[in-house]
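Quick note, the sequence shown lines up with residues 1475 to 1812 if you use the numbering used here. Ideal Cβ placement from N, Cα and C applies to all residues, glycine included. In what follows, a single structure is set out as structure tokens and then discussed.
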Amino acid sequence: TCGGSLFNHDNVFHIHPITGQKLLYISYWDAGLRIVDVSNPPQVPDPEGISWPQDNEVGRWLGCPSANDGWYGPDGGGHANMSSEEWGGSSGALNGNGWIHYAVPYDHLLCNGAKDTDPMDTWDAECGTGPDDAEFGINWRHLTMIAPEYGTNTNHTGYIWTIDTTDPAKPFLLSKWKLPGSSILPDGSEHPHHYIPGGYIYSPHNGDTGTNGHVYWTHYHAGNWVTDHSDIWQDIEWVDGVPAPEVGYPAIVQMSETKTMGYFLPSGPIWMDDPKETLGYDMADCWASCMIPFDWGLQYDPRGYLFISEMVSGVYVVQMEEDKNPDFVYPPLYPTDD
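And the structure:
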């Protein structure tokens, strides 16, 4: 590590689509993303965790060097060349860094938004014949998204980082995204980022992956945001124009943009005159009940729906136009004139 607060927050299990390893993607606050192989539990229980899975970390990513040499050393590809102050602790948080709270790996490989189970005639030419193509196989990538959580932050709401985990032993940074737009400070001046005056109000919380490179993330009072990661690999500007994942971050001249697709803000049951009284969802401490939306969890349904946990008023089922599946058409809630 390179300092800061070190503790395990969330863990996500995933079978890597290339290596077949059963991996645990661990969000370890200022220790960043930790990828641990849990494929082979020991024959003899190891309740104190002395050797398993303790000795099975296969990869990691955090913004600063975390070793003296190699992939995680100062000249390696497995970090963003930050100092420990830039990445972790309270100083790192002010930059939108560190404090990694949640990680979610993509279920499958992506090539310009296509997955390898899509019909081949729908793939771009740069996808060749698939991940094993001698020339174009390099364009099939595995992505993992990680994000922080801040209860209070006077400068930032935090980045969602897109990490290339095609080789889980050599993760490297491809792109980062924050809530779009600027904000107004209490003194009336414009601030280049949104910020968090308290109560986690705009912080990232949990996310999920969809299809075609779509990623979904809850942001408490800022609602639910959808980003497009399908073009990230093809849009990177590489040194000498040659993709070099074996070099990682130092081979990247300019990272790609993570594109914003849309957002949804649950507003409570607007068809009720007094939903607060009718549903009785007033929480005693007002931490969440004084603000709708207060979204901190979601799940993507492969049929094209998004299930959003709005802490105060319930679960919302929504759909983005791009996610509509003709085999699972959901009738509109209200009649329309269209």
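Under the three-state reduction of DSSP, Leu-1739 is assigned to coil, being neither helix nor strand. C-alpha of Ala-1696 to C-alpha of Thr-1636: approximately 20 Å in a straight line. Taken through DSSP and simplified to helix, strand or coil, Val-1518 comes out as coil. The beta carbons of Met-1794 and Val-1700 sit closer together than 8 Å.
With three or more CB-CB distances shorter than 8 Å, the segment 1504 to 1517 counts as touching the segment 1525 to 1545. Residue pairing for Arg-1615: DSSP places it in a beta bridge opposite Leu-1584. Under DSSP, Ile-1574 takes part in a beta bridge, and its partners are Trp-1503 and Pro-1622. Per DSSP, the continuous beta strand (DSSP E) segment holding Ile-1634 begins and ends at 1634 to 1638.
For Gln-1528, there is no enclosing alpha helix (DSSP H), as DSSP marks it with neither H nor E.
Counting along the chain, Gln-1773 sits inside the beta strand (DSSP E) bounded by residues 1769 to 1775. When DSSP states are grouped into helix, strand and coil, Thr-1692 belongs to the strand group. Contact annotation, Pro-1678 with Pro-1622: C-beta distance approximately 6 Å; criterion of less than 8 Å satisfied. Going by DSSP, Ser-1783 is part of no alpha helix (DSSP H) but of the beta strand (DSSP E) stretching over 1779 to 1784.
For Pro-1579, the pairing in a beta bridge is given by DSSP as Thr-1618. For the set Leu-1583, Asp-1775 and Thr-1628, the Cα lying nearest the Cα of Asp-1682 is the one of Asp-1775.
In terms of CA proximity to Asn-1613, Pro-1719 leads the group Gly-1742, Asn-1555 and Pro-1719.
DSSP, reduced to helix, strand and coil, places Ile-1706 within a helical segment of the structure shown.
The beta carbon of Tyr-1502 lies closer than 6 Å to those of Asn-1482 and Arg-1508 in the same chain, with the five residues before and after it left out.
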